[in-house]
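Working notes, beginning with the structure itself.
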Amino acid sequence: RLVARSESTDFLHWEKPAVVLRSTPEEGKTHQTYCMPAFPYANVYLGYVMMYHAGTDRTVDCELAWSPDSVAWKRVAPGTPFLPRGPKGSCDSACIYAPAGPPILRDGRIWIYYGGSDAVHRGWKRHCLPCLARLRVDGFAGYQPADARTPARLTTAPLRCTDEPLRVSADATGGTLRVEVLGADGYSLDACEPIAHDVTDAVVRWKGG
-4 RLVARSESTD
6 FLHWEKPAVV
16 LRSTPEEGKT
26 HQTYCMPAFP
36 YANVYLGYVM
46 MYHAGTDRTV
56 DCELAWSPDS
66 VAWKRVAPGT
76 PFLPRGPKGS
86 CDSACIYAPA
96 GPPILRDGRI
106 WIYYGGSDAV
116 HRGWKRHCLP
126 CLARLRVDGF
136 AGYQPADART
146 PARLTTAPLR
156 CTDEPLRVSA
166 DATGGTLRVE
176 VLGADGYSLD
186 ACEPIAHDVT
196 DAVVRWKGG
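In this note's numbering, the protein residues as written are -4 to 204.
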């Protein structure tokens, strides 16, 4: 099972499909990329990739994949479910089937409707019960310290400066978050006003503005 992509200008004539995502060599046929509904989000593309564990217990997990252009795809955290299956006996304990289309923004949260099954993926003995997952805005993926007892440092790719303020979403509860602009005077870590709460789209400020 592979994830492929094809283009069309009229929905009648299609280019030859090209594989854009597959299991790792270590996973082989034991854990297979099954299907992947994809959608644009912010300035990238996201995809819910269903991982079929054909060589073990025949369950289905939902992982997260991303792409800058809808052509080159990567799994964000291979082997780690984005929508985890429920505990044994729950309606989504065996399989997760993700929705087609983008999520819904409601009451400051992202709502993701998905199908859950308590029967493994074998033949037609399965169903798809309606389920709902809620997520913080822009909370699809993030970074966390490898060791919460020591400071963590993250260097981003270069960002283009605009007239809009720099904003960050983070859970800094119990600690602080500071930002430094490398190679720019006045934008050091010491000059940054610390963020010490769970914030969404918080404006980053320095002592100079």
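For glycine and all other residues, C-beta sits at the position ideal for the given N, C-alpha and C.
Item                                                                                                               : Value
Separation of C90 from P82, as counted between CA atoms                                                            : 11 Å
K83, DSSP secondary structure in three states                                                                      : coil
Best match in R117, P140, P98, H192 for proximity to A37 [C-alpha to C-alpha]                                      : P98
Through-space distance from R0 to W9, alpha-carbon basis                                                           : 10 Å
Nonlocal neighbours in the same chain, by C-beta distance under 6 Å from L(-3), ignoring five residues either side : V14, R17
At least three beta-carbon pairs within less than 8 Å, the region 191 to 202 to the region 156 to 164              : yes
Coarse secondary structure for S62, derived from DSSP in three states                                              : strand
The region 115 to 131 touching the region 144 to 155, judged by at least three CB pairs closer than 8 Å            : no
Closer than 9 Å to chain B by CB, A143                                                                             : Note that chain B does not occur in the displayed structure, where there is just one protein chain.
Spatial distance of T168 from G137 (CA atoms)                                                                      : 15 Å
L41 and A33 closer than 9 Å at C-beta                                                                              : yes
Distance CB(Y92)-CB(M45) smaller than 9 Å                                                                          : yes
Outcome for W106 when other beta-carbon atoms lying within 10 angstroms are tallied against a minimum of 16        : exposed
Spatially closest choice to L130 from G103, H116, G111, S88, by CA coordinates                                     : G103
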